[in-house]
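First the structure, in the form of structure tokens, and then the observations on it.
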Amino acid sequence: MNRYVFLILLPIALAACGGNESSQRAKPEDTAATAGDYERGPHRGRMLRDGDFALEVTVYETNTPPHFRLYAYRNDKPLAPGEVKATIQLKRLDGEVNNFSFIPEKDYLVGSGEVVEPHSFDVKADAVVGGKNYAWSYASYEGRTTIDPKAAADAGVVVESAEPGTIRDTVSLMGNVAVDTGRFAAVKARFPGVVRSVAVEMGQRVSAGQTLATVEGNDSMRTYSVTAPFSGVVLARSTSVGDVAADNTLFEIADLSEVWVDLRALGSDAERLSPGQMVTIRSATGGLEATGKLQGILPLASAGQTVVARVALTNSEGRWRPGMAVSAEVVIAETEVPLTVKESGLQRFRDFTVVFAQVGNSYEVRMLELGRRDGDRVEVLKGLKPGTRYVSEQSYLIRADIEKSGASHDH
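Straight run, no breaks: the sequence shown in full-length UniProt numbering ends on number 411.
Here is the structure:
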């Protein structure tokens, strides 16, 4: 189904899966929290008030790792940070809890550690001023939404676990299927004579010893049979009744139960190839796929400096036909890495490459630092816990739902 049709159908499915839309999508308080529906202070932070005391909570991230800065006020006048003791506790979607203590610095209190992405959590802030305790709780979400399981399944959303994996370094090549010359025969008459009968046609399967034609010998005047040297397929018939059979080829026969795939490589690609490397071969239409090993590299280069790398391919069903164009991926090296996700799950969110983690019916962005990739899987260096359930297919639908709910980066 067209991706734009999916984007239209997802909210319809969400509303249709029992209950009103707010029970299936981001909760209203989630949207309000992320849309900036709260009082802001002089430093554009969230103002927490209790009587004549106020605490402005900011996350400062200009040219530095994100960290909390708190500004205290009494009757809306700045209060010396040394007069305030404060703590903040963050509870994240997956249950992780982060605790921060604060010390005075300049005209603010600075938090004890980095506020890692995503900045999406339930916040509990506590302060003590002049022996009096103050406490606040609020939600501050970004990149989060809630979707009914049936709606997600109907939209084709697939979830799997982040896990160790293999990153493959590959070279992509083009080539053609060819006849294995060790399984090919150009059949000729044993003695000169005249062809009296022809028993097979091009494309016909024959068995070892089967009569292909009869020839009347010039010297003996006797008729003898020309037979198939092995079982295979008649690739060519070059004779007819009445023809003179001398040193010419009458039939070409090949055993196609195994064929060659000759791959063309240039320059640095050719230099990286060596016998024994695993190869995945696909037909030009994509309908056929097989794996094999690189048998060898032919010793001569063409005038255009193309080198031929050869793969022997089992062809018991006869679907790989000599002359077919193919593409191939040769595995140069394989590296085991501790954590990977599927490339198909990656999306852009703000300035980050992300996946969307699933916890229950909720989905939340995870900002990633990536390493090696091979087109199928990508190494995750930072930003995702091993075993995290994440959206690996149709992840753009989650992004669209988050963007529609207004779950943006805000503090």
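In this text, a Cβ means the ideal position worked out from N, Cα and C, and glycines have one as well.
Query raised in the report: Would residue 197 pass as a contact of residue 244 if the rule is Cβ separation under 8 Å?
Result: One-based indexing of the sequence shown puts residue 197 at position 197. One-based indexing of the sequence shown puts residue 244 at position 244. For residue 197 and residue 244, no; Cβs fall outside 8 Å.
Report task. Would you check if the region 399-406 and the region 151-166 touch, i.e. whether three or more CB-CB distances between them fall below 8 Å? Result -> Contact fails: fewer than three Cβ-Cβ distances are below 8 Å.
Query - Beta-carbon proximity list for residue 388, same chain, < 6 Å, skipping 5 on both sides - result: Counting from 1 along the sequence shown, the entry for residue 388 is found at position 388. Answer for residue 388: 162, 357, listed in chain order.
Requested in this report: Give the range of the beta strand (DSSP E) segment to which residue 175 is assigned.
Outcome: In the sequence shown, the residue the question calls residue 175 occupies position 175. Residues 163-178.
Query raised in the report: Just curious, the alpha helix (DSSP H) that residue 153 is in, first and last residue?
Result: Residue mapping note: residue 153 aligns to position 153 of the sequence shown, counting from 1. Counting along the chain, residue 153 sits inside the alpha helix (DSSP H) bounded by residues 149-154.
**Report entry** residue 98 to residue 314 span [Cα, whole Å]
**Finding:** If you number the sequence shown from 1, residue 98 lands on position 98. If you number the sequence shown from 1, residue 314 lands on position 314. Their Cα atoms are separated by approximately 57 Å.
**Report entry** Residues of its chain near residue 179, where Cβ-Cβ distance is below 8 Å and the 5 sequence neighbours each way are ignored
**Finding:** For the purposes of this step, residue 179 is identified with residue 179 of the sequence shown, where counting begins at 1. Same-chain partners within the cutoff: 235, 254, 256, 259, 260, 322.
Requested in this report: Check each candidate in 154, 278, 380 and name the one with the smallest Cα separation from residue 172.
Outcome: In the sequence shown, the residue the question calls residue 172 occupies position 172. Considering only alpha carbons, the answer is 278.
Query - Within 8 Å, strictly: CB atoms of residue 354 and residue 365 - result: Counting from one through the sequence shown, the residue named residue 354 turns up at place 354. Counting from one through the sequence shown, the residue named residue 365 turns up at place 365. Yes.
Requested in this report: Run the CB neighbour count on residue 307, radius 10 Å, all protein chains shown included, and call it buried at 16 or more, exposed below.
Outcome: Against the sequence shown, residue 307 aligns to sequence position 307. Under the 10 Å beta carbon count, residue 307 is surrounded by 16 or more other beta carbons and is classified as buried.
Requested in this report: Spell out a yes or no on whether the region 328-340 and the region 182-198 are touching, meaning 3 or more CB-CB pairs, one atom from each, closer than 8 Å.
Outcome: No, the region 328-340 is not in contact with the region 182-198.
Query raised in the report: So which of 43, 119, 328 has the shortest CA-CA distance to residue 383?
Result: What you label residue 383 is simply residue 383 of the sequence shown in a count that begins at 1. Considering only alpha carbons, the answer is 119.
**Report entry** Alpha-carbon spacing of residue 362 relative to residue 391, whole angstroms
**Finding:** Residue mapping note: residue 362 aligns to position 362 of the sequence shown, counting from 1. Residue mapping note: residue 391 aligns to position 391 of the sequence shown, counting from 1. Using only the alpha carbons, I get a separation of about 11 Å.
**Report entry** Three-way DSSP call (helix, strand, coil) for residue 222 in this model
**Finding:** Here the question's residue 222 lines up with position 222 in the sequence shown. Of the three classes helix, strand and coil, the one that applies to residue 222 here is coil, per DSSP.
**Report entry** residue 223 versus residue 246: straight-line alpha-carbon distance, rounded
**Finding:** Working through the sequence shown from its first residue, we reach residue 223 at position 223. Working through the sequence shown from its first residue, we reach residue 246 at position 246. Cα to Cα, residue 223 sits roughly 14 Å from residue 246.
Report task. Can you say whether residue 367 is buried or exposed, counting buried as having 16 or more other CB atoms within 10 angstroms of its CB? Result -> As a first step, residue 367 must be located in the sequence shown, where it is residue number 367. A buried status is given to residue 367, since no fewer than 16 other beta-carbon atoms sit within 10 Å of its beta-carbon.
Requested in this report: Give the straight-line distance between the Cα atoms of residue 275 and residue 231, rounded to the nearest whole angstrom.
Outcome: Working through the sequence shown from its first residue, we reach residue 275 at position 275. Working through the sequence shown from its first residue, we reach residue 231 at position 231. Going by the C-alpha atoms only, they are around 29 Å apart.
Query raised in the report: Among 327, 205, 139, which residue has its Cα nearest to the Cα of residue 262?
Result: The residue given as residue 262 occupies position 262 in the sequence shown. Comparing alpha-carbon positions, the option among 327, 205, 139 lying closest to residue 262 turns out to be 327.
Query raised in the report: Leaving out five residues before and five after residue 214 in sequence, what residues of the same chain have Cβ atoms less than 6 Å from its Cβ?
Result: By 1-based counting over the sequence shown, the position of residue 214 is 214. The answer, listed in chain order, is 196, 197, 223, 225.
Query - residue 302, buried or exposed, once every other Cβ within 10 Å from all chains shown has been counted against 16 - result: Residue numbering aside, residue 302 sits at position 302 when the sequence shown is read from its first letter. Exposed.
Query - Separation of residue 102 from residue 112, as counted between CA atoms - result: Counted from its first residue, the sequence shown places residue 112 at position 112. Counted from its first residue, the sequence shown places residue 102 at position 102. Within the model, the alpha-carbon separation for residue 112 versus residue 102 is close to 6 Å.
Requested in this report: Using the DSSP secondary-structure output, state which residues sit across from residue 348 in a beta bridge.
Outcome: Within the sequence shown, numbered from 1, the residue matching residue 348 stands at position 348. DSSP, once it has assigned bridges, lists 353 as partnering residue 348.
Report task. Taking only the alpha-carbon atoms, compute the straight-line gap between residue 7 and residue 89 and give it to the nearest angstrom. Result -> Along the sequence shown, one-based indexing puts residue 7 at 7. Along the sequence shown, one-based indexing puts residue 89 at 89. The predicted model places residue 7 with a pLDDT of 45, which falls under 50 and marks its position as unreliable; any figure quoted below should be read in that light. The straight-line gap from Cα to Cα measures roughly 37 Å.
Query - Boundaries (first-last residue) of the alpha helix (DSSP H) holding residue 395 - result: As a first step, residue 395 is located in the sequence shown; it is residue number 395 there, counting from the start. Taken as a continuous stretch (DSSP letters only), the alpha helix (DSSP H) holding residue 395 covers 395-405.
**Report entry** Length of the line joining the Cα atoms of residue 348 and residue 143
**Finding:** Residue mapping note: residue 348 aligns to position 348 of the sequence shown, counting from 1. Residue mapping note: residue 143 aligns to position 143 of the sequence shown, counting from 1. Straight through space, the alpha carbons of residue 143 and residue 348 are spaced by roughly 11 Å.
Query raised in the report: Cα separation between residue 412 and residue 360?
Result: With the chain covering only 1 through 411, there is no way to say anything about residue 412.
Report task. Establish whether the CB of residue 71 and some CB of chain B are separated by less than 8 Å. Result -> Among the chains in the structure shown there is no chain B, since it carries only a single protein chain.
Query - Cβ neighbours of residue 114 in the same chain (closer than 8 Å, five flanking residues each side left out) - result: In the sequence shown, the residue the question calls residue 114 occupies position 114. Same-chain partners within the cutoff: 65, 66, 67.
Query raised in the report: Leaving out the 5 sequence neighbours to the left and right, which residues in its chain are closer than 7 Å to residue 272 when beta-carbon positions are compared?
Result: The sequence position of residue 272 within the sequence shown is 272, counting from 1. Only residues of its own chain outside the window of five on either side were considered, and among them 171, 332 have a CB closer than 7 Å to the CB of residue 272, listed in chain order.
Requested in this report: Can you have a look at residue 374 and say buried or exposed, based on whether 16 or more other CB atoms are within 10 angstroms of its CB?
Outcome: Residue mapping note: residue 374 aligns to position 374 of the sequence shown, counting from 1. Burial call: buried.
Query raised in the report: In terms of alpha-carbon separation, which member of 200, 217, 135 lies closest to residue 209?
Result: Position 209 of the sequence shown, counted from the start, is the residue given in the question as residue 209. Looking from the CA of residue 209, the closest CA among 200, 217, 135 belongs to 200.
Requested in this report: Pick out whichever of 404, 174, 282, 344 has its Cα sitting closest to the Cα of residue 270.
Outcome: As a first step, residue 270 must be located in the sequence shown, where it is residue number 270. Comparing C-alpha distances from residue 270 to each of 404, 174, 282, 344 shows the shortest one belongs to 174.
Query raised in the report: If residue 343 sits next to residue 156, beta carbons under 8 Å apart, how far is it from one beta carbon to the other, in whole angstroms?
Result: Locating residue 343 in the sequence shown gives position 343, counting from the first residue. Locating residue 156 in the sequence shown gives position 156, counting from the first residue. About 17 Å separates the two Cβ atoms, so there is no contact after all.
Query raised in the report: Roughly how many whole angstroms lie between the Cα atoms of residue 205 and residue 189?
Result: Position 205 of the sequence shown, counting from 1, holds the residue named residue 205. Position 189 of the sequence shown, counting from 1, holds the residue named residue 189. Each residue's alpha carbon lies about 20 Å from the other.
Report task. Use the C-beta contact count for residue 33: other C-beta atoms within 10 angstroms, 16 or more gives buried, fewer gives exposed. Result -> The sequence position of residue 33 within the sequence shown is 33, counting from 1. Its pLDDT being 44, under 50, residue 33 is placed unreliably in this model, and the coordinates cannot settle the point.
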